Structure formats: structure tokens, C-alpha cells
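Protein chains in written order, with this note's numbering: chain A, 13 to 453; chain B, 183 to 696; chain C, 97 to 520.
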């Protein structure tokens, strides 16, 4: 058993113990706050978009890794691919990316001559944080901007672990689409042994909105129609804008103000030509938020040009083609490609897990590639695309020096179902090894 | 350019017209032939033929005569009037066989809610064949030789079934299936060939599997079944002994069949296969042991935890119908293996179980979610490979093994002389996700051309043929086959981008094996 | 056909004069001058002159000279067509049908003559109707009627115009058809047997008779003689065999109602080698795939009864003009209105006109409303076109009948105007 694994096990066993060792208090602490100041650190820093302890831990505990492989897909902007390639990882971050070099002392070498290496995937539309179908929707009020999924997270649940074993290392765990604003999601890492503290990447991660195609309650009350739904959204957003501009503090609007202040992104479930266009018109046109269109299914691709002209990213899925729903083109339309061709920035794919099992995120790229999309662009849609569209590309989405070491070693082309994951590294720690843990997927 | 619709209904007529305009058939084939309809030929020329028997012939030609594979090889003589499909640079695979497929394939979108008679009943249904009115006993003779049963009611040409009358040869779903490589499907308990545009000879076999129930939640059912098998086995022994004895002593009394379950007897005689829908490890163990004791080969549908008891199932020479991606969480409180495993197919195969592969959804999903329905059969086989199954066996899992379960492996499932000419012509490795079926041939007729149907023709459209390539309209020349034979290298698979997938090392590059 | 003859009196027309319910009656012999006559045979006659006697057309031609003394109705501003024939309708019939094999049922038994509906239909231009019996399976035989009649006698033009059979793709349809033909075979066997028996009885009688003569000569005692067997009388066929015998003899045509392309192939299988007159009825809905067998139907030159409707190709917005496709392939289309109600029958020609705008040949379209349905009813010897010898059922339009702006100005049935207007 390697030192790294021993450390990981200790870390998983008892964080409070570790903290006690470090002389820190019982509360999860912020990474960038010097240990001594933690007791005085404002709660804001703890929950408010600052990276918590996991990297700090990694810094102390993990063994540096060197990964050598046959094909290294960095997914970085310059399309850097190394055949063969090498990564050096330490303190939870990537230290070196490039052609193979001599492995420095103290680095554990993971040598896979035939393997492909890629960054861990990022799924921005996932509901598996609860472990099942429950706890996803709280549907008493139509707008719930103050809700958060943080308390619904069941860390280390089977779906999460399986997702990790299939290369999905970062997910946005969001509430459902039963209400217009269902709350905020948490950006977290998928790990073998997870606790809230050691997986959270950013909390709040982003707001979840359902613009159309589900929150219609049809009960005859407000919100039964698009007109009602839109008004619900605009009314509360207008109030948030007012609070933002006047500097007035309203606890009910606190999170929404952050959206209007462009501090946090918002993910909007919408579909259909009119739904997608309406979403962009409202959230980008009227409010200029950091919004991302999610789903965009059926004939939503008809609005692709408009979405692109407004510079709004699209997070597409689980439906990735259109044939008969919405409009009958008389041909199978690769809607993924339609959005990409229109030039939407930072295009990404999702699973809407568990609609599609989270571990099959790669398959979304596969099926679009089958219908003609470029496989490399599909890999981007699983990595850098989602990371950039949600503003977390400083940490994840590609294998570049300084980013989190979320690395997945594949037996072959990640988009090919015949390939499987051999090793998963998250935050610089080996989370999963197929040869050792058995093949989970 | 003729549309597909006209093409396949006219192909036969066209071939007939050309042939009758040419020299009389008797000039080539002898005088008997000139009395009948002229022979119809189709040749798939110059492709890499993956026969499914382990053999790969590169740049070869396959000739079909009247729907059956007549020849596979090089330098074939193609009779005048042979319709040619240019497969240069392409691969040829056997047509896929889909189990439990949605009835929309052959009943179409306009089908009235047709309920076909389920011959193989649950325990309490009467054993009467809805088609012919005979009782099961009448159909399964008490003769020892089960061969009599199989030639009567199973898997022969000219087999008649209810499906023959209700078959919709123009179903749009059928075209989608053909475009994704599926040429034979199981509809209810009938094996049906997707013969587009025709209504004759579509049913190939019926009721080759009898549904049985074996479940831990029904212990008395299990005891009941065990007893039936015991009684039936005993009867079989007595019958065999009596048949010896009666040769000398005419007075010897024939053992009574009273109280013997006829379905169980048919299973023991090998006339049908026993099919269990079972996923739990303990149930699978029980089935395996029952099968081993009474010497029959069980078919286990589902078999989620099969990998936990693979060896036992292998000893029973079982068949498994599995979905590689099925998920069942492991129960942590149990000490033994349980739950689902992606390696299920591989582990079962290694233990000697024959694995047929089905997708999670055996219908055709047109709502936009791709990769999980009947059209993704090759993808599903890919997931079995993910779990460690070798490529050749994975392909068998969607061709010849389901054919075997349906009792039609003498006709479909691989490309061999004498079998039906059901072939797919693809632009790459069938198991690779970027590959498309370019043409589909069913019983020697071209029934699908990717560029002629609305579905995929705009997606990576086929480039115009090279001037150098053989013109399909020309009369077949010896030269064409020679050229094809001469090129021994692997034809280049279309690589859409520089970063495209590496070609997976071919497992089949071995010598012909069993 | 161009006729340039002088007209003289009687032309030996058929005896029957069609009665009228019109308020206005016309002379026994008169001439009509119209701007154009669309004869429905493919010929269009400008400045047509039509001579009508006793309700029949005796002469028709272009710019013919009219003999002095023959009254002339001059409407050179109008276009005439034959009266419309709707060969497949349940107008005015109200019973519901069962499901089963009852080919002997006659739709005429449901007919109740004095209905306002028939008068309205007549005024709308529908001069002839083919009424079919209700129900599934083999519901029975249709009756052809004239809408201008007040009694059953006046109205009924032909009973047993066609036998309706509904065929679906399933084994029970097949069994139904096979069963009916089997009954014919059984009947034939029965007749054979009966004939053999009769022949034997004749033979026996002859023998006995000879013997008797011989005995007479010999002076032997004579037994009373049985009467000589009469002529052979075949047993009556039953209610199923009877109509199907007529079908196989060519006396009773069949109208098969099917719903999709696949049904057509199954139907061909069901018919097998048997030869008899049959046509198709296909309701055109939405995504119907009938165009997939248009070539085959065209090759057989079948008649297809259908609505004048554009359909869409499955899963696409691609329009198909199936009546046009069938016509071009060689089939004969007989139109029926989009719905079996007065409103649709009034708009019928406009719906057909829409199809003409979308490519269908105008002559074929007109024939589809007149001559083809007349053929379907077996009445093309007396109806359906403006030809010598046929009934004078005429429709007068103030323009192209397929244009929405055109009005139907007047209707003539059997030589008499319908309604109050009297054309001069």
C-alpha cells in the first residue's frame, strides 16, 4: 500500500481528526485563509464561493504523482495533445504537462504506455447528489432562490462513486425543475470516499432556473402559463436588481443579488425554440447575468443563432438530436452540432442524471459524434466547455499547470464505449484503480 | 434516381427483365431452370467481409442467388443481370438479430392494437395453438426423436405464422432498424425477417422458448417445477426402456403420460428451450442446478447477477440474454458477490455461457435520447467489450447467438454459403461509434441505402464514387475481382479529424478458428 | 371526337326518361348552347351544342347548326359538366352495422326516398349516389341511386352496384375472404354432386324405361312408371356463396377498403390467382403511406376511391399528392367528398380544385368526380360523361368549376332543371 493511499484513507476516515492534528477547529475551513485566522474567518468565506479544505488536505497528504501515457489530451485552448505524454502532480495540482521527461525523485510513477489520459469530465446538470430521485424538488413556492442543495448531498453515494469511476470528476448538483427557481446547486468533485468538506469545489455553485417545460403547474393559478412563469421570474429579479442598486440587504434576495451582480452563474432549464429564445432574452438581454442555457431540446436549435449572437453558452442534453418533436424537418438533426455550428460559446453536454446515468456522460459525446460531430469537440464539450461556461476553468476542465489534478486514465478513446477507465485521480489523489478496486463501470 | 421505395419493389422485376433479355437461363444452368422463374442474383463486390465465423476476407465478393449466399471469395463469376453493390473500401458484416424487439418494427405506425396469440403460456393457460387449433400434445409427438417437432413447426422455409398476415412491409420503423443494421427481429415469440416491401416468407420460426418461472419468492412454484421435471425425466427413461422391451414383448404396456407436463417434456426432448427471467444470484444457482440435473440448457433472461455464479451456469451450458449496462446496486451487507457488473458478459462467456446482448430499451426512441434503444445494438455490444468481452464474441452476441435462441441459426447470424444473404455494408468497424451502415441487404435484396432515406442522408453524406472504382451499372468484369483480390491492406477507415480514434487492434486477425 | 353534323329530331335514344322533381320542366326535345362543355372524357368542347331528347343526350358537338323548330336554351356564358357522382356514401342512411360476413345484404333496403337531403345534394350538383351498407368485414352490396327521384323505383338505378369488403393486415381478414371463396367451392362441389346424382337418376330412368319397353313387348306385367326426371335444377347457393359466385362470374364487382400500403400487398395475397373485377377504397388520412405502392396499383390500372386530400409523408412535412401520383402511375382515381355530409359535398369541387392547383391533371380530376365513379357503380353506359346516349345530367357553372369564385348556377337531371330557376 502506497503512502498516498494510506494518507487518503486517513483523510477519509476522520476529517475532524485531521483538523485536530492541524490545530484547527471543528468547522470546515477556507483554504486561502491562514490557519490561525480561521476562527475569525467570516462565514461568507466559508460558503461563499471560496475553495474549502480539500486542496489544503491534499497539500499535506498526497504523494506526488507522475503519469506517463500513450496519448495525453490536455483539452487546453491550444489543442495540445501529446503522443506520448506526461503529467506531474503534487499538492493536489498539476505541476507539469507535456512530453515525457525524467520522473523526479519522490514521485510515484503511473506508467500506462497504451492509455489515453484526459481531464476529468464536468457535468453541469446532475441530480445524483441526493443518491436517488428524492430531495430534488421542493415545490411549495414557485421561486426559491434561497434554497441550496448542500443539505441534500449524500456524499459517497453509489451513483457518485460510479460516476467517478467513469471519469466524471466535477458535477453541479442542482435541484429539479418543478419550480421556476428551485435554488442553488453545489459544485463538487466525485470521490471514492467523500464528505461534504473534501468534495466541495464551490458552494453556492450556481442558481438553477426552470424557464419552461416543467414548472407549468396547470393549476389555474399564477405560473400555469408562460406569461405567469415569466412574470414570476421577472418580478423577483427586478426586486433583486433594485436591492443590488440600492445596496439594501434583503435576506430573501441575497443569493439572487449575487446573480444580478454577476458574481455567480445561473443554469436555466429550457427547451423549444420559443423557450430557449425567451430564456436568453430575459436572462441575458434584460438582466445581463452569467447565464447558461441548459437542455435546449427539441427544436431549441432553431434559436441557436440568436443564442450565439447573445454570447450565451449552451449546456445540451440529455436529448442530443431532434427528429419528430417540435417541428418535422424530415431528417435527423444533430442538435449538438446545430448549436456548435451556430457558434455558441463554450458548448457543453450533460446527462441530467439520473435521467441518463451520470457515468454515461461520455456517451453523450459518443452519440453526437456518431451523428457527425467532431470527437475532439465532443471531448471539449465534456471538459473545458462546461468549466468555462460556469467560470470554474481556473480549477478544472483541462490539464494545465496550476489547475486541480483531476486526471482520468482510459484504456483507449474515452468516447468509445469499448474503452474503460483504468485510474481516476481527483485533487491529486488516486480515487480509483480498476485493477485494484474492480471495474465499477 | 429511383427512390428506395420503388427500388426494392422493382429490383426483382428489373433483374427478371434483364435476365429475360439476356441469354435464356438454360444456356447456363440446364433445361430445368428455364421452366421456373429466372434466378435473381446480387453481388456485394470488393468489401472486407467479416463472416462472423472468425474468417475475414479482404476485398472479396459475396454472391447471393435467390436470397441465399451462393459464393464468397475472389474472382467470382457474376452472371449477367447480377445487381451489384459496390463495397470497395467498406466492410461487410452479417445482419444483426434483435431479441424482444418492439412490434412497431413490423406492425408499423398504423397498426391496430394487434394482440398475437401467445402460444407459450404461463402455467394456467390452456396449451392450445391459436394458429392451428392443435393441442401441444398433438404438435409435440411423443416420439423420442425431437427432430420431428422441429421440422414441423420450427425454423423451416415456408413457415406460416400469424405474423405473416399482419406484417407491415412498409413500416418506417423497419427502415430505421435496417439503417442501423438489424435484419432479423423477435416479435413476441416469432422470429421475423425485416423484408421490406414484401409479405411472403417473413416468419422464420415461432415459440422456440418456453417461459418458466423460478423465483425465491415462490418456493412452492420451485418445488412444483422440480417435481414436473422429475416426473418428465422418469417418463422419458421409462419410454426409452419400453421401446427396447416392446421389440421383444409386444404386450408390454406403454408408460402413461398422464400427469406429465407436456411443456417440460418438450424441454427435456430438446424441442424447445426453457426460458427463465431471473436476476438474483440464488435463483440463478437454482436454475443452473436444475438444468445440470435434468440435462437441459436453460435460457436466462436478465441474468444480472450471473457473473456471481458464472461457473455453475457454464456447467449447465446456459444461455444468457443480458443488457451489459443494467444497473443494480451492490448490497453492502452481503458478503458474497452481488449486484450488477459491467463485466457480466465477459465473465459468463469465459465460464462457457453463450451470451446474447440486448439494449435496455428494445423499442425505437425517437424523442432525442440516443444510444440506449434498439438502434444502438452495436453500441451495446461495445459495452460488453468494455467489461472485458472479446470483440468477436460480442459480435456473436448480436448475431449468431440470438439466432440460435430463435432456432434460426441455420439461416442467419453469419455469412456462410447456404445461409440467407442478410448483410450490412458499413463504412468502418461496426463496433466503432462513427461507423454508419451504408447499405443493408436482406435475402439478397438491397433494402436500405443510407443516401436514399430521409434519416441519415444529410449526416456525413456518401462522397461521389471515384471514377476508378467499378461502376455498378457495368456488367461484371473479371478484372474488378482481380483488383480487389490484389489489395491486401486494410482499407482506410474514414478519419473525420486528426484527433480521431485510433483503430482498435483487430482481434480477428488470427487464422480461422472454431 | 369532333362531330360536325346537322341535327335532326329523334336519334333513337333509349326509352327510359328520367323523371324530375323540378319545378321547371323542359320540352321533350331541345338544344342547349353553352360556352364550353367539359365532357369528362378528356375532351373539352368550345361553343358546344347539346341536343337532348327525352332526357338523354342525342347529339353533342362544337358549333353545330340547330334545325329550325327546336327550342334553344342559349347560355353561351356557362360551362357545363356532367353531374357529379359520389359512388361511396351513406347519405340519408342511418342504421349501424355489425361485423361479419353478410355479402347478401343490400343497402337499398335502408333507403328512404323522400328526404330533403337528397334534394339538397341534387342542388349541390350530386346527381348520382352510390350508397354502401354499414358495418365491418363484408357488410354487403351497394346501391346506385339518382338523387332526383321521389319513389324507390325512380331513385334506384342499380342494386348490387358493388360488394364492399374491408381488408386489414391480419389473419382474420384473410380467413374471412378465404372462407367466402371456400363457400363458393363447396357450393360448386354440391352442385357437382347434385348433378351427378341427377345424371345417375336420368340414366337409371332411361335404363328402366328401356326395360319397360322391352317388357311391354314381351307382354310382361308392367310396374307403374316413375315420372321422368325433369331438367337439372341446381341447388340455390346460400347467402354467402351466392354473391361470391356473381363476383367470380364478373357480375358483381368488389370494392376492397384498405388503409395502408401493406394492406395492399396482403390483399393481393388474399386474392391470389382468382380473377374478378375489383377496385380499392383508401381513406386518405395524414401520414398514409399508399404512395409506396402507387407504381404497383398503376400497373394494374386499378380504380381507387379516395378523398381529394393532400397528405404528408411520415415524419416529414413533405406533401404528397397521392391522387396525382396514382393517376400518373396509371391508376384511375374516383373522388368522394372529404366528408359524407352536405357541406362537404357542396365544397367537393373546390377541394378537388385544390388538388388540381397542386399538380393533378384537371381532366383526370373532373373524370374522378364523374366518369370514374360512374364506372365504379357499373353505370358508365348511361352516366358520368357528356356523350351520346347518356342521361342528360348536367351542371352549369359560370366559370371553371374548380375555381372557388365560380358558382354552380343550375343543375339539370334527366333533361329537367332542378330548382326554381329556369334558364333561358
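For every residue, glycine included, the Cβ atom is placed at its ideal position computed from N, Cα and C.
Quantities reported herein were computed from a predicted structural model and do not represent experimental measurements.
* Continuous beta strand (DSSP E) stretch holding residue 422 of chain A: start and end -> 419-422
* In angstroms, rounded to a whole number, what distance separates the CA positions of residue 271 of chain A and residue 438 of chain A? -> 29 Å
* Asked: What did DSSP end up calling residue 481 of chain B once you bin it into helix, strand or coil?
  -> strand
* Asked: What did DSSP end up calling residue 457 of chain B once you bin it into helix, strand or coil?
  -> strand
* To do: Just mark residue 599 of chain B as buried or exposed, buried being the case when its beta carbon has 16 or more other beta carbons within 10 Å.
  => exposed
* To do: Measure the CB-CB distance between residue 363 of chain B and residue 606 of chain B and report whether it falls below 9 Å.
  => yes
* In the DSSP assignment, find the beta strand (DSSP E) that holds residue 382 of chain A and state where it starts and stops. => No beta strand (DSSP E) contains residue 382 of chain A, which is instead part of the alpha helix (DSSP H) from 373-382.
* To do: Anything in the region 324-344 of chain A with a Cβ closer than 9 Å to a Cβ of chain C? List those residues in chain order, please.
  => 335, 336, 339, 340, 341, 342 and 343
* To do: Assign residue 340 of chain C to one of three DSSP states: helix, strand, or coil.
  => helix
* To do: Could you list which residues in chain A have their beta carbon closer than 7 Å to that of residue 414 of chain C, in chain order?
  => 342
* For residue 346 of chain A, which residues in chain B fall below 8 Å Cβ to Cβ? -> 641
* To do: Find the residues of chain B that neighbour residue 568 of chain C, judging by a C-beta separation of less than 7 Å, and give them in chain order.
  => The requested residue 568 of chain C is not part of the displayed model; chain C covers only 97 to 520.
* At least 3 beta-carbon pairs within less than 8 Å: the region 365-376 of chain B vs the region 431-441 of chain B -> no
* To do: Have a look at the DSSP bridge pairing and note the partners of residue 254 of chain C.
  => C:240
* Candidates B:499, B:484 and B:487, of which the one nearest residue 716 of chain B by Cα -> For residue 716 of chain B there is no data in the structure shown, the boundaries of chain B being 183 and 696.
* **Neighbour flag for residue 132 of chain B against chain A, beta carbons, 9 Å** => This structure does not reach residue 132 of chain B, given that chain B is present from 183 up to 696, and the question cannot be answered.
* Can you name the residues of chain A whose CB is closer than 9 Å to the CB of residue 525 of chain B? -> 450 and 451
* Asked: So, is the C-beta of residue 629 of chain B closer than 9 Å to a C-beta in chain C?
  -> no
* How about residue 350 of chain A and residue 282 of chain A: are their beta carbons less than 9 Å apart? -> no
* Asked: Do you know offhand how far residue 633 of chain B's Cα is from residue 182 of chain C's?
  -> 43 Å
* **Under 8 Å by beta carbon: chain B residues contacting residue 80 of chain A** => Within 8 Å Cβ-Cβ: nothing; residue 80 of chain A doesn't reach chain B, min ~17 Å.
* Could you give the uninterrupted runs of the alpha helix (DSSP H) lying entirely in the region 205-280 of chain A, keeping only those of 4 residues or more? -> 208-211, 238-258 and 266-272
* State the DSSP-derived secondary structure class of residue 232 of chain B, mapped to helix, strand or coil. => strand
* Spell out whether any CB of chain A is found under 9 Å from the CB atom of residue 403 of chain B. => no
* What did DSSP end up calling residue 603 of chain B once you bin it into helix, strand or coil? -> coil
* Opening and closing residue of the beta strand (DSSP E) in which residue 412 of chain C lies -> Per DSSP, residue 412 of chain C belongs to no beta strand (DSSP E) and is neither H nor E.
* So, is the C-beta of residue 444 of chain C closer than 9 Å to a C-beta in chain A? -> no
* Please say whether residue 93 of chain A and residue 99 of chain A have beta carbons closer to each other than 9 Å? => no
* Spell out whether any CB of chain B is found under 9 Å from the CB atom of residue 306 of chain A. => no
* To do: Measure from the C-beta of residue 356 of chain C to each C-beta in chain B and report whether the shortest distance is under 9 Å.
  => yes
* Asked: What does residue 458 of chain B touch in chain A if you count any residue whose Cβ is under 9 Å from its own?
  -> None at all; the shortest Cβ gap to chain A is about 27 Å.
* Asked: Among A:332, A:382, A:320 and A:380, which has the Cα closest to the Cα of residue 355 of chain A?
  -> A:320
* Asked: Would you say the region 472-483 of chain B touches the region 555-572 of chain B, given that touching needs at least three Cβ pairs under 8 Å?
  -> no
* Asked: Using a beta-carbon distance below 9 Å, is residue 455 of chain C in contact with chain B?
  -> no
* Asked: Along chain C, which residues have their Cβ under 9 Å away from the Cβ of residue 161 of chain B?
  -> No answer is possible for residue 161 of chain B: it lies beyond the span of chain B, which begins at 183 and ends at 696.
* List, in order along the chain, the chain B residues whose C-beta lies closer than 8 Å to that of residue 416 of chain A? -> By Cβ distance, chain B contributes nothing, its closest Cβ being about 24 Å from residue 416 of chain A, past 8 Å.
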